[in-house]
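Undergrad:
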Amino acid sequence: MIKNISIFFILLIMGIACDSDQPSEVQTQDIPALDLFAGFQNPPADARPFVRWWWNGNKITADEIKRQLEVLHQAGVGGVEINPIEFPTEADDLGIPSLPWTGPEWNQRLVLACQEAQKRGMITDLIVGSGWPFGGEFVQEDETVQRIAVGHLTFTGPQKAERSQESLIENLIPQYREGPSEKGLKSQLHFAALVPLEASGSHAVIHLPVEKSGASSLAFEVPPGEYELIYGLKQQGHREVMHGAPGAAGPVMDHYQKASRWPILIG
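Read left to right, the sequence shown gives residues 52 to 318 (the working numbering).
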């Protein structure tokens, strides 16, 4: 392999050397090469490095915005992505108040940042929201994020069994990062099935009827043998924004619901 690569480079160099015997072609190739080099000496803003500009806790002042943009400009940065984020609890806030995300004062600072960046020939971008995933205090209960959480329980038949929805929820807690019963979470049994531990195909699965109108328990009969109850709970409001800045902290929105996306896009 190394020998083949070496031969390739030798042939490449020979080809370049052969081209150098043709002055007319060299002259036409030198012109764009010089232009390219000049572009590297003074590249346009969109060809320069961009940085993520953290607005920690939205503790932003007009003077500091100007100062930081000038520092970035002098360093050769071509643009910034403004990213509001929660202020670290262990840090000194220097007595600077937090401006609520998309509030009047915050919007004024945003406009100022865009204007000051434009004066310096820089490009400004803005992340849609704060922290991750996006949401905020404005998100209504029916607009919060949803998921299907899947649980497993083993049964030996034959027997008649019944499990309350509360016990099914509690069985899920060790499996998921956020405890389903900790934040006023809404849960509803969405599906359930008995699967033989030695199942040979989908035909062996027993789909259980599920009442989706708020039934408090699931009752079923387990045939002889070892079975696993696999069930899914439709849950809503199970997650909070991670490191959301003031004004954009709170419940995570349902990204698949247009009604909940729209407020965060227009502010």
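Think of the CB as a built atom: it goes at the ideal place given N, C-alpha and C, for glycine as much as any other residue.
Just so it is clear, the structure is predicted and the values come from calculations on it, not from any experiment.
(1) Would you tell me roughly how many angstroms separate the C-alpha atoms of Pro100 and Glu192, rounded to the nearest one?
(2) Would you call the CB atoms of Phe206 and Leu269 closer than 9 angstroms?
(3) Under 9 angstroms between the Cβ atoms of Leu223 and Leu284?
(4) Under 7 angstroms Cβ to Cβ from Val190, same chain only, skipping five residues before and after it: list those, please.
(5) Below 9 angstroms between beta carbons: does that hold for Pro148 and Trp157?
(6) Grab the span of the alpha helix (DSSP H) containing His124 for me, first residue to last.
(7) What's the gap between the Cα of His241 and the Cα of Val201?
(8) Locate the beta strand (DSSP E) running through Pro209, then write down its first and last residues.
(9) Do the CB positions of Lys211 and Phe271 come within less than 9 angstroms of each other?
(10) Give me the DSSP bridge partner(s) of Gly282.
(11) By DSSP's criteria, Thr175 is part of a beta bridge. Which residues make up the other side?
(12) Please state the DSSP three-state secondary structure of Val256.
(13) What residues are listed by DSSP as bridge partners for Phe271?
(14) Taking the beta carbon of Glu277 as the centre, do at least 16 other beta carbons fall within 10 Å, making it buried, or is it exposed?
(15) Is the Cβ-Cβ distance between Gly288 and Thr140 less than 9 angstroms?
(16) Mark Trp104 as exposed unless 16 or more other C-beta atoms lie within 10 angstroms of its C-beta, in which case mark it buried.
(17) Return the residue from the list Ile178, Pro275 and Ser267 that minimises the CA-CA distance to Glu249.
(18) Within a Cβ cutoff of 7 angstroms, which residues of the same chain sit near Val102, ignoring the five residues on either side of it in sequence?
(19) With distances taken from CA atoms, which of Lys110, Ser215 and Ile174 is nearest Asp143?
(20) Please classify Trp106 as buried or exposed, where buried requires at least 16 neighbouring CB atoms within 10 angstroms.
(21) Do you know whose CA, among Glu137, Glu121 and Ser181, lies nearest Ala164's CA?
(22) What residues in its chain sit with their C-beta under 7 angstroms from that of Ser215, if we drop five residues either side in the sequence?
(23) Are Gly187 and Gly295 touching if we call contact CB-CB under 9 angstroms?
(24) Distance, Cα to Cα, Pro209 vs Val273?
(25) Less than 9 angstroms separating the beta-carbons of Val292 and Phe185?
TA: On the basis of the coordinates in this document:
(1) Along the sequence shown, read from residue 1 onward, the residue named residue 100 stands at position 49. Along the sequence shown, read from residue 1 onward, the residue named residue 192 stands at position 141. Distance between the alpha carbons of Pro100 and Glu192 is about 41 angstroms.
(2) Here the question's residue 206 lines up with position 155 in the sequence shown. Here the question's residue 269 lines up with position 218 in the sequence shown. Contact: no.
(3) Along the sequence shown, read from residue 1 onward, the residue named residue 223 stands at position 172. Along the sequence shown, read from residue 1 onward, the residue named residue 284 stands at position 233. Using a Cβ distance threshold of 9 angstroms, Leu223 and Leu284 count as a contacting pair.
(4) Position 139 of the sequence shown holds residue 190. Result list for Val190: Gly301, Pro302, Met304 and Ser311, in chain order.
(5) Numbered from its first residue, the sequence shown carries residue 148 at position 97. Numbered from its first residue, the sequence shown carries residue 157 at position 106. For the pair Pro148 and Trp157, the CB atoms are not nearer than the 9 angstroms cut-off.
(6) Along the sequence shown, one-based indexing puts residue 124 at 73. The continuous alpha helix (DSSP H) containing His124 extends over residues Ala113 to Gln125.
(7) Position 190 of the sequence shown, counting from 1, holds the residue named residue 241. Position 150 of the sequence shown, counting from 1, holds the residue named residue 201. The alpha-carbon atoms of His241 and Val201 are separated by roughly 10 angstroms.
(8) Mapped onto the sequence shown, residue 209 falls at position 158. The continuous beta strand (DSSP E) containing Pro209 extends over residues Gln197 to Ser215.
(9) By 1-based counting over the sequence shown, the position of residue 211 is 160. By 1-based counting over the sequence shown, the position of residue 271 is 220. The answer is yes: Cβ separation under 9 angstroms.
(10) Within the sequence shown, the letter at position 231 stands for residue 282. For the record, residue 282 in the displayed sequence is Tyr; it is not Gly. For Tyr282, which the question treats as bridged, DSSP gives the partners Gly202 and Ala243.
(11) Start at 1 with the first residue of the sequence shown, and residue 175 comes out as number 124. Per DSSP, the beta bridge partners of Thr175 are Val131.
(12) Taking the first residue of the sequence shown as 1, we reach residue 256 at position 205. Residue state, collapsed to three classes: coil.
(13) Mapped onto the sequence shown, residue 271 falls at position 220. DSSP links Phe271 through a beta bridge to Ala212.
(14) Your numbering for residue 277 matches position 226 in the sequence shown. By the 10 Å Cβ count, Glu277 comes out exposed.
(15) Within the sequence shown, the letter at position 237 stands for residue 288. Within the sequence shown, the letter at position 89 stands for residue 140. No. Outside cutoff.
(16) Reading the sequence shown from its first residue, position 53 is the one you call residue 104. It is buried - the Cβ of Trp104 has at least 16 other Cβ atoms within 10 Å.
(17) To locate residue 249, count along the sequence shown from 1; it is residue 198. Check the Cα spacing between Glu249 and each of Ile178, Pro275 and Ser267: the tightest is with Pro275.
(18) For the purposes of this step, residue 102 is taken as the residue at position 51 of the sequence shown. Within the same chain, Val102 has close Cβ partners Leu123, Val128 and Val131.
(19) For the purposes of this step, residue 143 is taken as residue 92 along the sequence shown, with counting starting at 1. With distances taken between Cα atoms, Asp143 lies closest to Lys110.
(20) As a working mapping, residue 106 is identified with position 55 in the sequence shown. Looking at its Cβ environment, which holds 16 or more other Cβ atoms inside 10 Å, Trp106 is buried.
(21) Mapped onto the sequence shown, residue 164 falls at position 113. The residue among Glu137, Glu121 and Ser181 with its C-alpha nearest the C-alpha of Ala164 is Glu121.
(22) Locating residue 215 in the sequence shown gives position 164, where the first residue counts as 1. Cβ neighbours of Ser215 beyond the five flanking positions: Ser267 and Ser268.
(23) Start at 1 with the first residue of the sequence shown, and residue 187 comes out as number 136. Start at 1 with the first residue of the sequence shown, and residue 295 comes out as number 244. Yes, the pair counts as a contact, with Cβ atoms nearer than the cut-off.
(24) Mapped onto the sequence shown, residue 209 falls at position 158. Mapped onto the sequence shown, residue 273 falls at position 222. Annotation: Pro209 to Val273 spans about 5 angstroms, alpha carbon to alpha carbon.
(25) As a first step, residue 292 must be located in the sequence shown, where it is residue number 241. As a first step, residue 185 must be located in the sequence shown, where it is residue number 134. In this structure, Phe185 lies closer than 9 angstroms to Val292 by Cβ.
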